[in-house]
Every structure is written in structure tokens, then in C-alpha cells.
Amino acid sequence: MAIRPILTAPDPRLKLISKPVARVDDELRRLMDDMLETMYDAPGIGLAAIQIGVPQRVIVMDLAKKDEPPQPAYFVNPEITWRSEEFAAYEEGCLSVPEMYEDVERPARIRARWLDYDGQPVEQECDGLLATCLQHEMDHLEGVLFIDHLSKLKRDIILRKMVKAKKRAG
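Counting in numbering that gives the first Met the number 0, the final residue of the sequence shown is number 169, and the numbers go up one at a time with none missing.
This is the structure:
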């Protein structure tokens, strides 16, 4: 396993649309293991493959609280099959937009399907943090960042801060 660099906005690779995975094999499991280690190191609760420069439809997540044992989850080729009409707002952040947080409204509940770490199909109705995080990470697969859900003014302010921070750091 290896910790990989996380791309940060406004890196143009974050706008790429990720390609479906042909099959879950040992190479893909190594990618998912690296992604999980990278996410834990960051630290974060979700990571899409594109965030480490791999444009494949793969997500890892762990929503365990600090006092709970790790609960890693793997989502290969995830699809949302249903969205509730009711919305919920959560303050979201992102490893690709570090130290920036804003409220984003998303469907409160979704039904999704995906392949797990072993390539087995899973279908589940999700709500709360799981629904929010899965939608957030699936947005990455379409080249969408959480800041794209904000007003142009808020998004531009955040992007300007990101560019300034990159210039100071490097």
C-alpha cells in the first residue's frame, strides 16, 4: 500500500469524467488499498480515484467515528438509481479543496448500486452522512466538485483562496 498525492483545485484533472471499471481484480484492489491509506492519512472520510489522478469510477469511504473501529467501504462503478424529492443540507469539505467548508443541499435519501471490494454487486438505500458522502464522491466521477454547487461568487472566492495558497506553498 502507498500514500498517493491528492490533486487540489483548480487542477484541471479534477474536471475529467471517470471511466467505468471493466473488472474488479488484484490491480484494482491495490488501487483501492492505496486510496484508503491516502484517505486515512489526509485525513478524510471519502476519496474518489480521480482525486489521486486515476480517472476510474472508484470510491473509498469510511464513516466510522473516531472512537469506532475502521469501517472501510468500497464503491466500484457506483450508480444512483433513485433520489428522494426531499433535500438535506450538510456542511461539506473536500480533500481536493482543503480547509474550505460550505453547506451543500443534496437529496436526503438515495438508492444506489455498485460493486464491492470483491466485485460483488450491492444495492442499498442510503440516508444521512452516507447519502451525502456518496453523492459528493460520485460528483467527482463526473468532474464536479462540491464548490460547483455553490453560487458563482462563493465558488470564485474559494478558488482564489486556493490559487493564493498554492502560490504561497510552492
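For glycine and all other residues, C-beta sits at the position ideal for the given N, C-alpha and C.
Only a predicted model underlies this, so the values are computations on that prediction, with no experimental measurement involved.
If distances are taken between C-alpha atoms only, which option among the options comes closest to residue i?
i, options, result
"Ser95", "Leu13, Met0 and Ile2", "Leu13"
"Asp115", "Val59, Pro106, Ile79 and Val103", "Val59"
"Met161", "Gly118, Trp113 and Pro97", "Pro97"
"Gly52", "Asp155, Ile157, Lys151 and Arg3", "Arg3"
"Gln119", "Val75, Asp10, Asp155 and Glu104", "Val75"
"Glu104", "Arg167, Arg56, Val57 and Ser83", "Ser83"
"Val170", "Leu140, Arg56, Cys93 and Lys151", "For residue 170 there is no data in the structure shown, the boundaries of the chain being 0 and 169."
"Gly127", "Val121, Tyr73, Gln70 and Ile109", "Ile109"
"Tyr73", "Glu122, Glu101 and Trp81", "Glu122"
"Leu140", "Glu67, Ile44 and Pro77", "Pro77"
"Pro19", "Asp66, Glu91, Trp113 and Glu67", "Trp113"
"Cys93", "Ile44, Asp66 and Cys125", "Ile44"
Do you know how far the Cα of residue j is from the Cα of residue i?
i, j, result
"Gly179", "Arg28", "Nothing in the structure corresponds to residue 179, since the chain is present only between 0 and 169."
"Glu136", "Asp25", "23 Å"
"Asp40", "Ala88", "27 Å"
"Gln134", "Leu149", "15 Å"
"Ile79", "Met38", "23 Å"
"Ala21", "Ala48", "15 Å"
"Met99", "Leu158", "10 Å"
"Lys64", "Pro42", "13 Å"
"Asp155", "Asp10", "15 Å"
"Pro71", "Arg167", "34 Å"
"Asp147", "Asp117", "33 Å"
"Ala164", "Trp81", "39 Å"
Given a cut-off of 9 Å on the beta-carbon distance, is the pair residue i and residue j in contact?
i, j, result
"Phe86", "Ala107", "yes"
"Leu35", "Cys132", "no"
"Asp138", "Leu129", "no"
"Asp33", "Ala1", "yes"
"Ile5", "Leu30", "no"
"Leu15", "Pro54", "yes"
"Lys153", "Glu101", "yes"
Which residues does DSSP pair with residue i in a beta bridge?
i, result
"Phe74", "Ile58"
"Pro4", "Its beta-bridge partners do not exist; DSSP assigns none."
"Pro9", "Per DSSP, none; premise fails for Pro9."
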